[in-house]
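K.L.:
Protein chains: 2
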Amino acid sequence: MATVHQEGGLGQVESKDVVLCEKGLPLDCGATFGPITMTYETYGALNNRRDNAILVCHALSGGAHAAGWLPDQRKPGWWDIMIGPGKPFDTNKYFIISSNCIGSCYGTTGPSSIDPATGKPYALSFPMVTVRDMVKAQRHLLDHLGIRSLLSVTGGSMGGMQALQWAVSYPERVRSVIPIATTHRHSPQQIAFNEVARQAIMSDPEWRQGNYYDSEGPRLGLAVARMVGHITYLSDKGMELKFGRRLRGRERIGFDFTTEFEVESYLNYQGRSFVERFDANSLLYMTKALDYFDLSQGYETLTEAFRRSRALYLIIAFSSDWLYPPEQNREVAQAIRRAGGDASYCEIRSDYGHDAFLLEHEAQDPYIRSFLQRVAETTEEFDAGTGI
Amino acid sequence: MATVHQEGGLGQVESKDVVLCEKGLPLDCGATFGPITMTYETYGALNNRRDNAILVCHALSGGAHAAGWLPDQRKPGWWDIMIGPGKPFDTNKYFIISSNCIGSCYGTTGPSSIDPATGKPYALSFPMVTVRDMVKAQRHLLDHLGIRSLLSVTGGSMGGMQALQWAVSYPERVRSVIPIATTHRHSPQQIAFNEVARQAIMSDPEWRQGNYYDSEGPRLGLAVARMVGHITYLSDKGMELKFGRRLRGRERIGFDFTTEFEVESYLNYQGRSFVERFDANSLLYMTKALDYFDLSQGYETLTEAFRRSRALYLIIAFSSDWLYPPEQNREVAQAIRRAGGDASYCEIRSDYGHDAFLLEHEAQDPYIRSFLQRVAETTEEFDAGTGI
Chain A
60 MATVHQEGGL
70 GQVESKDVVL
80 CEKGLPLDCG
90 ATFGPITMTY
100 ETYGALNNRR
110 DNAILVCHAL
120 SGGAHAAGWL
130 PDQRKPGWWD
140 IMIGPGKPFD
150 TNKYFIISSN
160 CIGSCYGTTG
170 PSSIDPATGK
180 PYALSFPMVT
190 VRDMVKAQRH
200 LLDHLGIRSL
210 LSVTGGSMGG
220 MQALQWAVSY
230 PERVRSVIPI
240 ATTHRHSPQQ
250 IAFNEVARQA
260 IMSDPEWRQG
270 NYYDSEGPRL
280 GLAVARMVGH
290 ITYLSDKGME
300 LKFGRRLRGR
310 ERIGFDFTTE
320 FEVESYLNYQ
330 GRSFVERFDA
340 NSLLYMTKAL
350 DYFDLSQGYE
360 TLTEAFRRSR
370 ALYLIIAFSS
380 DWLYPPEQNR
390 EVAQAIRRAG
400 GDASYCEIRS
410 DYGHDAFLLE
420 HEAQDPYIRS
430 FLQRVAETTE
440 EFDAGTGI
Chain B
60 MATVHQEGGL
70 GQVESKDVVL
80 CEKGLPLDCG
90 ATFGPITMTY
100 ETYGALNNRR
110 DNAILVCHAL
120 SGGAHAAGWL
130 PDQRKPGWWD
140 IMIGPGKPFD
150 TNKYFIISSN
160 CIGSCYGTTG
170 PSSIDPATGK
180 PYALSFPMVT
190 VRDMVKAQRH
200 LLDHLGIRSL
210 LSVTGGSMGG
220 MQALQWAVSY
230 PERVRSVIPI
240 ATTHRHSPQQ
250 IAFNEVARQA
260 IMSDPEWRQG
270 NYYDSEGPRL
280 GLAVARMVGH
290 ITYLSDKGME
300 LKFGRRLRGR
310 ERIGFDFTTE
320 FEVESYLNYQ
330 GRSFVERFDA
340 NSLLYMTKAL
350 DYFDLSQGYE
360 TLTEAFRRSR
370 ALYLIIAFSS
380 DWLYPPEQNR
390 EVAQAIRRAG
400 GDASYCEIRS
410 DYGHDAFLLE
420 HEAQDPYIRS
430 FLQRVAETTE
440 EFDAGTGI
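Chains A and B are the protein sequences, given in the same order. Quick note: the first sequence, position 306, residue 365 per our numbering, numbers continuous. Quick note: the second sequence, position 310, residue 369 per our numbering, numbers continuous.
1) Considering only DSSP beta bridges, list what B:Phe92 is partnered with.
2) In chain order, what residues of the same chain have a beta carbon less than 6 Å from the beta carbon of A:Ile427, not counting five sequence neighbours either side?
3) Can you tell which of B:Tyr411, B:Gly67, B:Met345, B:Gly399 has the C-alpha that lies nearest to the C-alpha of B:Met217?
4) How should A:Met60 be labelled, buried or exposed, when 16 other C-beta atoms within 10 angstroms of its C-beta is the threshold for buried?
5) Tell me where the beta strand (DSSP E) around B:Pro385 begins and ends.
6) State buried or exposed for B:Leu513, treating a residue as buried only when at least 16 other CB atoms are found within 10 Å of its CB.
7) Under a Cβ-count criterion, where at least 16 other Cβ atoms within 10 Å of its own Cβ denotes burial, should A:Tyr328 be classed as buried or exposed?
8) Run through DSSP, which three-state label would B:Ile161 get?
9) Given a limit of 8 Å on CB to CB distance, which residues of the stretch 187-202 of chain B reach chain A?
10) Would you identify the three-state DSSP class for B:Met97, choosing helix, strand or coil?
11) Looking at C-alpha atoms only, which residue of B:Pro277, B:Val287, B:Arg234, B:Arg267 is the closest neighbour of B:Asn249?
12) Would the beta-carbon of A:Phe154 fall within 9 Å of that of A:Ala240?
13) Assuming B:Pro170 contacts B:Ser341 under a Cβ cut-off of 8 Å, what Cβ separation, rounded to an integer in Å, is found between them?
14) Exposed or buried, what is A:Gly444 when buried is set at 16 or more other beta-carbons lying within 10 Å of its beta-carbon?
15) At the 9 Å Cβ level, is B:Ala282 part of the contact set with chain A, yes or no?
16) Could you compute how far the alpha carbon of A:Gln387 sits from the alpha carbon of A:Thr242?
17) Report the residues of the stretch 77-104 of chain A with a CB closer than 7 Å to any CB of chain B, ordered along the chain.
18) In three-state DSSP terms, what is A:Arg309?
19) Starting from the beta carbon of A:Asp350, find every residue of chain D whose beta carbon is closer than 8 Å, and list them in chain order.
20) From A:Thr96 to A:Leu223, what does the alpha carbon distance come to, in whole angstroms?
21) Does B:Gln71 come out as helix, strand or coil in the three-state DSSP assignment?
22) Taking 7 Å as the limit between beta carbons, can you name the residues of its chain near A:His64, skipping five residues before and five after?
23) Which residues, in order along the stretch 112-137 of chain B, keep a beta-carbon less than 9 Å from a beta-carbon of chain A?
24) Which residues of the stretch 324-353 of chain A have a Cβ closer than 8 Å to any Cβ of chain B? Give them in chain order.
25) So which residues on chain B does A:Ile161 lean against when the C-beta distance must stay under 9 Å?
26) Can you pull the chain B residues whose beta carbon is under 8 Å from the beta carbon of A:Ser378, in chain order?
27) May I ask you to report which of helix, strand or coil DSSP gives B:Gly215?
28) Let me see if you follow: with CB-CB separation under 9 Å, is A:Glu36 close to chain B or not?
29) Which runs of the alpha helix (DSSP H) spanning at least 4 residues fall entirely within the stretch 321-385 of chain B, listed in chain order?
30) Contact check, B:Ala284 vs B:Ala256 under 8 Å by CB: the rounded distance?
31) Do three or more CB pairs link the stretch 274-281 of chain B to the stretch 348-360 of chain A at distances below 8 Å?
32) By how many angstroms is the C-alpha of A:Phe185 removed from the C-alpha of B:Ala182?
33) Would you decide whether B:Gly205 is buried or exposed? Buried here means 16 or more other CB atoms lie within 10 Å of its CB.
34) Of all the CB atoms in chain A, is at least one closer than 9 Å to the CB of B:Asp410?
35) Distance check for B:Pro85 and A:Ala259, CA to CA, integer angstroms please.
36) Is A:Ala402 helix, strand or coil by DSSP?
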């Protein structure tokens, strides 16, 4: 199938797999797990100093395919508007790395992968993974690629959590961080939305305690779970502008069960199409990782967590994001500053809600572009001469 | 079982049933439906002038039992803190009427009632009912009780919608309105939450297209539906104060599927206990009624809808209510004023979110008490000498 490449984009890209942690990765849950197959993509070229690498971390339902086009796919990567020649993450200057998280379902080992010990999918025998574990596994990928320090690590939502965790777990390897639309830990309301999603999946009899890989799986439950998520990704105002109270396929309310508002039809479509592309067990694992995430874990305060970091921070939030509202992002910036760090906080006005990090490329562009320039200029000595 | 009555409360009360609309009630959906059995309770005494009656309308999952104690129940009515001798809706002065909505499952005819034509529950053959239909049926109850005009009509959430609809549908019978934590119509986000709840129920194979009355019914789906609702009833800050990130039955996060945050355990409990007391089909009908509700339906603007009303309005909203936020309540007050009406708007600071209308009795008390006094003093001539 011929694909039309966006002008000025990356064109065709390639996904690669690497086997890491042959001896096993020690996880937060206490288990040691491995080997791990990790799917990743890279865009642009690593320079001779090996100091122009930027790690891009994906959100809950994303994967390694962040930009450009894979053969036979009708859409480019999830952050194609942000990554490419001349784009904010400019592949003429930077070497971009994007990998699929451990526990997900887009190539990297997760609950739907085959357990070599049994020849069957892990399902719920897959160990619980945390955001810190995801980052730990990514570190092995960087070692494999021979990259000692990152010019930057970035991502929105769960990707932003990973970016922050990188700075805390490996302060010596991170020169800057761009966490977007994220938080240092979930509030009970955020946990509650995830719990509803999990219950929707686990209430579906087709879930079968996670052992559904020889059947259709919990399609209806997974669709409901995604619908819940989708409400939290959009703002009330954004929905108002997009749908209002318009009806699907009629002019007047019929006062019956067949009348559907456009917003209902949109949500139902989002739920159904998600089922085609995501694994229900991975959603359980990923949402638990989100809920367990607490950047200050092991430190007395959040500020203490940032004490060892020498990175520069650009924190981006969106005015109408009520899933990870500006306040939570500002809190992170304040903790970094209290720890003596350098954090710029940037709040972008947008009606797109949480989804804004995927859509507002023009608004994010100048901040990211100039920030990365500053990082390149001011942190050259960060790890001069060390290397792996 | 002996019940301990709250001091100064109503003590034991009685639910009554009356059969109305023997010839059928014309509904918004076009059907004519009847007879309708309506369950209601009254508290206090109707005075000789028959002008001290206040109608209290319940929310989505409420019923006619608003105050006092029914035999063998462990809890008083849902608004017992607001209704009784010396309380804001003072039964020493006022005659309070509370009826169960058509379509609900607490006595009044609804989808779980037996269709006399078939001897089986109506299930989905029950006609779609709107908030306007609920109010139309209540009007027949008032006729039955010989009450021509209401001193006031009040309610929170869906009850507030009914109160507003009373003023628009029967302006000559309403001397005042106290809509609380409500809206004149649902935004797409509000519709979206309800649609997720409906999909959770209808995705449960035990729902069986609504024909589950000879079996357990969609227990898991209904529980998930209620969990979604519950998140919207509480504020983020209220959840933070109530649960934080505390764990149930452990001291430290175990990073596994058995670790439960207190908020998860609370939500799961709320979901499970709702299943014992509510009918899934009724939830489908009630949420559709909420979504279809549009007070300006049939008028050019919301302001025009209030043009014929001579009632006084006290509109109460709560600062942390994000289901029906202050803004939506203020919009109603503004429309009334633009129509030349008398609307006081009162925003109460509270961390209880939408649930505040059920909990903040002390904060609501002075506003309601003095408002009802003013109504009694200034509207005596409203319908002098007419009667039914």
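The C-beta atom is built at its ideal place from N, Cα and C for all residues, glycine as well.
P.N.:
Considering the structure as presented:
1) In the DSSP secondary-structure assignment, B:Phe92 is bridged to B:Leu84.
2) Pro147
3) The shortest C-alpha separation from B:Met217 is found at B:Met345.
4) Low per-residue confidence applies at A:Met60: pLDDT is 39, beneath 50, and the placement is therefore not dependable enough to give any value.
5) Premise fails: B:Pro385 lies in the alpha helix (DSSP H), 385-397, not in any beta strand (DSSP E).
6) This structure does not reach residue 513 of chain B, given that chain B is present from 60 up to 447, and the question cannot be answered.
7) exposed
8) Here B:Ile161 sits in coil by DSSP.
9) Met187, Thr189
10) strand
11) Note on identity: in this sequence residue 249 of chain B is Gln, with Asn being the wrong assignment. That would be B:Val287, whose Cα lies nearest to the Cα of B:Gln249.
12) no
13) With 8 Å as the limit, B:Pro170 and B:Ser341 qualify as a contact, their Cβ atoms being about 6 Å apart.
14) With a pLDDT of only 43 at A:Gly444, under the threshold of 50, the placement of this residue in the model should not be trusted, and no figure is reported.
15) yes
16) 5 Å
17) Asp87, Cys88
18) coil
19) The structure shown contains no chain D; the protein chains it does contain are A and B.
20) 24 Å
21) strand
22) Only weak support is given to the placement of A:His64: the predicted model assigns it a pLDDT of 45, under 50, and the question is left unresolved by the model.
23) none
24) Leu326, Asn327, Gly330, Leu343, Lys347, Asp350, Tyr351, Asp353
25) Near A:Ile161 there are no residues of chain B at all, since even the closest Cβ is about 13 Å away, more than 9 Å.
26) Those within 8 Å of A:Ser378 in chain B number zero; the least Cβ separation is about 16 Å.
27) strand
28) Within the shown structure, residues of chain A are numbered from 60 to 447, placing residue 36 of chain A beyond reach of any answer.
29) 321-336, 339-351, 361-364
30) 4 Å
31) no
32) Distance from the CA atom of B:Ala182 to the CA atom of A:Phe185, rounded to whole angstroms, is 43 Å.
33) exposed
34) no
35) Going by C-alpha positions, A:Ala259 is about 38 Å away from B:Pro85.
36) strand
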